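Protein chains in written order, with my numbering: chain A, 1 to 255; chain B, 256 to 518.
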């Protein structure tokens with residue numbers, strides 16, 4: 001059996017709602033003797049799963065079900081409140097990539113920033129810059145500052161860097177929702193190539209067809225818990241049922 | 256029983272050297288963005304500032320040629336302190352867009368945030384030593400070496416402060432305003448525009464607690480006066496740097512893991 005590359009055991013996470021938190025020195029000084037009740041939101045509750053070498057696992061769930069938080073915990077960006085995550089290989093996360101560039105720098109400098117953050121060396125990056133720009137179809141805009149990019153162009157550039165930076169495990173959040181048909185096809189092909197090359201993948205998507213087509217198995221998150229796990233297609237169907245149950249419950253009954 | 260969650264990642268040597276260089280390079284580029292010959296301007300800024308201050312102070316304080324140099328050293332040291340601590344305090348917030356993308360040690364963005372201030376101050380130091388040499392007051396090699404050591408220790412103090420302040424700023428969102436007031440007040444605590452001699456001697460230890468004070472006094476002492484401070488004074492500066500860096504690193508270590516939550 002292939003070895004485990006990610007093991008999450010009973011992972012839980014809560015966030016404090018910012019409006020209920022003292023956020024300034026002034027507020028702390030004024031409220032020194034007053035206790036304030038913090039409002040907390042439980043985002044993940046005792047989530048356990050494992051990812052094996054070479055596997056592609058899908059993660060489905062409605063907005064706010066905890067998918068992105070789980071990915072960030074696995075990527076080591078957020079700490080969990082309790083539980084344990086063991087990651088036995090280098091992770092390349094592709095998360096929130098449409099936003100957050102340095103707008104004053106051109107594409108090439110931003111590629112170097114994001115690429116080095118993702119663990120590439122400058123030598124690797126310099127050798128890969130034209131390939132990254134070609135993947136994003138942005139060769140003509142290589143020296144254009146990011147402030148002039150559309151959100152779609154910026155997202156394409158980010159995915160192109162991240163797909164090139166993949167080391168062992170790839171974690172993707174809604175990756176096939178960006179760009180035109182040609183770009184989507186290139187992303188999908190790159191995903192298949194990486195999967196065939198033996199990389200392990202964790203893929204979040206709202207799109208049942210994507211999960212069914214690209215994943216070996218999947219997990220369904222609801223209210224921060226894994227409510228269903230199984231073959232990708234079965235989970236995709238279960239997710240659709242969940243959405244249908246919701247919409248029929250919301251509809252007024254006709255008498 | 257629940258074990259505390261730690262995302263354990265086993266991976267090879269991360270190429271942080273590339274990241275450090277890219278952060279310094281892009282910060283520099285961003286700062287001089289849009290200026291004609293950005294690098295030339297970066298070079299010219301400390302030189303022109305030095306010459307302007309020298310010209311003005313030579314006129315205003317014509318009777319005391321030593322005072323103008325003391326004043327210029329004090330102003331540049333303090334400007335470095337103000338600029339680098341401000342950049343350090345804001346660094347994690349400013350680079351938050353990178354910290355939510357991938358896992359890498361955020362202290363790198365904190366420490367490299369001072370790079371622009373270091374470049375300006377480094378160039379000023381070169382201009383100052385050249386000026387002293389041209390006016391037949393060339394400092395000895397020992398004096399330049401000691402001056403460099405003071406600035407390295409000063410950088411350690413700035414790094415210690417920045418490590419703590421950058422993570423605390425995520426929690427206390429008006430910390431930058433508080434720090435601005437402190438540094439403005441601190442300008443008059445440090446003996447920049449007045450000689451420390453006018454302050455009663457019993458107050459001196461308190462003034463030395465404010466990091467720019469010993470750095471300014473020691474720098475003037477070795478470069479302008481040609482006088483090396485006592486070993487004890489050096490040990491105090493070393494201790495101050497170690498304490499600030501150590502305390503800053505401890506606060507950073509305690510809070511940094513949760514920084515992404517607050518971005």
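For glycine and all other residues, C-beta sits at the position ideal for the given N, C-alpha and C.
In this text the structure is predicted, and so the values were computed from the model without any measurement.
Cross-chain neighbours of residue i in chain B, by beta carbon under 7 Å
i, result
"residue 229 of chain A", "Near residue 229 of chain A there are no residues of chain B at all, since even the closest Cβ is about 21 Å away, more than 7 Å."
"residue 163 of chain A", "Residues of chain B passing the Cβ test: none, with the nearest at roughly 14 Å."
"residue 183 of chain A", "Chain B residues near residue 183 of chain A: none, gap ~20 Å exceeds 7 Å."
Classification of residue i by the beta-carbon crowding that lies within 10 angstroms, buried from 16 upward
i, result
"residue 153 of chain A", "buried"
"residue 195 of chain A", "buried"
"residue 368 of chain B", "buried"
"residue 257 of chain B", "Unreliable placement is indicated for residue 257 of chain B, whose pLDDT of 35 sits below 50; the coordinate value is still reported in the next sentence. Classification for residue 257 of chain B: exposed."
"residue 105 of chain A", "buried"
"residue 360 of chain B", "exposed"
"residue 12 of chain A", "buried"
"residue 294 of chain B", "exposed"
"residue 318 of chain B", "exposed"
"residue 487 of chain B", "exposed"
"residue 456 of chain B", "exposed"
"residue 123 of chain A", "exposed"
"residue 169 of chain A", "buried"
"residue 3 of chain A", "exposed"
"residue 508 of chain B", "exposed"
"residue 358 of chain B", "buried"
"residue 245 of chain A", "exposed"
"residue 542 of chain B", "The question about residue 542 of chain B has no answer here: the residues shown for chain B are numbered 256 through 518."
"residue 258 of chain A", "With chain A running from 1 to 255 in the structure shown, residue 258 of chain A is simply not present."
"residue 55 of chain A", "buried"
"residue 130 of chain A", "exposed"
Under 8 Å between C-beta atoms of residue i and residue j
i, j, result
"residue 77 of chain A", "residue 172 of chain A", "no"
"residue 297 of chain B", "residue 412 of chain B", "no"
"residue 460 of chain B", "residue 473 of chain B", "no"
"residue 91 of chain A", "residue 75 of chain A", "yes"
"residue 87 of chain A", "residue 73 of chain A", "no"
"residue 426 of chain B", "residue 517 of chain B", "yes"
"residue 174 of chain A", "residue 205 of chain A", "yes"
"residue 496 of chain B", "residue 401 of chain B", "no"
"residue 59 of chain A", "residue 5 of chain A", "no"
"residue 47 of chain A", "residue 8 of chain A", "yes"
"residue 238 of chain A", "residue 220 of chain A", "yes"
"residue 510 of chain B", "residue 384 of chain B", "no"
"residue 117 of chain A", "residue 389 of chain B", "no"
"residue 305 of chain B", "residue 467 of chain B", "no"
"residue 382 of chain B", "residue 302 of chain B", "yes"
Neighbour list for residue i in chain A, Cβ cutoff strictly below 7 Å
i, result
"residue 358 of chain B", "75, 76 and 77"
"residue 430 of chain B", "25"
"residue 273 of chain B", "116, 121 and 122"
"residue 197 of chain B", "Look at the range of chain B in this structure, 256 to 518, and you will see that residue 197 of chain B is not part of it."
"residue 281 of chain B", "102, 105, 109 and 113"
"residue 422 of chain B", "In chain order: nothing, as chain A lies at least about 13 Å away."
"residue 367 of chain B", "Ordered by position in chain A, no residue passes the 7 Å Cβ test against residue 367 of chain B, which lies about 12 Å from the chain."
"residue 433 of chain B", "25"
Within chain B, the residues that residue i reaches when beta carbons sit closer than 8 Å
i, result
"residue 95 of chain A", "355 and 356"
"residue 129 of chain A", "Result: empty, since nearest Cβ-Cβ is about 13 Å, beyond 8 Å."
"residue 50 of chain A", "Under the 8 Å cutoff, chain B gives no residues; its nearest Cβ is about 14 Å from residue 50 of chain A."
Within chain A, the residues that residue i reaches when beta carbons sit closer than 8 Å
i, result
"residue 427 of chain B", "23, 24, 25 and 28"
"residue 512 of chain B", "79"
"residue 438 of chain B", "Simply none; closest approach about 15 Å."
Closer than 8 Å at the beta carbon, the chain E residues around residue i
i, result
"residue 118 of chain A", "As a matter of chain content, chain E is missing from the structure shown, whose protein chains are A and B."
For residue j and residue i, believed in contact at Cβ under 8 Å, the rounded distance
i, j, result
"residue 209 of chain A", "residue 231 of chain A", "Actually they are not in contact, since the Cβ atoms of residue 209 of chain A and residue 231 of chain A sit about 15 Å apart, beyond 8 Å."
"residue 26 of chain A", "residue 429 of chain B", "6 Å"
"residue 419 of chain B", "residue 502 of chain B", "7 Å"
"residue 277 of chain B", "residue 112 of chain A", "5 Å"
"residue 135 of chain A", "residue 186 of chain A", "6 Å"
"residue 424 of chain B", "residue 500 of chain B", "Not really, about 18 Å apart at Cβ, beyond 8 Å."
"residue 331 of chain B", "residue 379 of chain B", "5 Å"
"residue 321 of chain B", "residue 514 of chain B", "The Cβ separation is near 47 Å, so there is no contact."
"residue 121 of chain A", "residue 273 of chain B", "5 Å"
"residue 202 of chain A", "residue 71 of chain A", "7 Å"
Where residue i meets chain B, residues with beta-carbon distance less than 9 Å
i, result
"residue 15 of chain A", "516"
9 Å Cβ cut-off: residues of chain A touching residue i
i, result
"residue 340 of chain B", "Result: empty, since nearest Cβ-Cβ is about 16 Å, beyond 9 Å."
Residue i: CB within 7 Å of a non-hydrogen atom of the ligand ATP
i, result
"residue 457 of chain B", "The ligand ATP is not part of this structure, which contains no ligands at all."
With three or more beta-carbon pairs closer than 8 Å as the criterion, would you say the segment 312-331 of chain B touches the segment 340-351 of chain B?
no
Kindly confirm or deny that the segment 325-334 of chain B and the segment 462-479 of chain B touch, where touching means at least three C-beta pairs closer than 8 Å.
Short answer: they touch.
For the pair the segment 138-149 of chain A and the segment 163-171 of chain A, tell me if three or more CB-CB distances fall below 8 Å.
Result no; under three Cβ-Cβ pairs closer than 8 Å.
The segment 354-365 of chain B in contact with the segment 428-444 of chain B per 3-pair CB rule at 8 Å
no
Answer yes if the segment 274-282 of chain B comes into contact with the segment 101-117 of chain A, meaning at least three C-beta pairs across the two stretches below 8 Å, and no otherwise.
yes
Within 8 Å, do at least three Cβ pairs link the segment 445-460 of chain B to the segment 392-399 of chain B?
Result no; under three Cβ-Cβ pairs closer than 8 Å.
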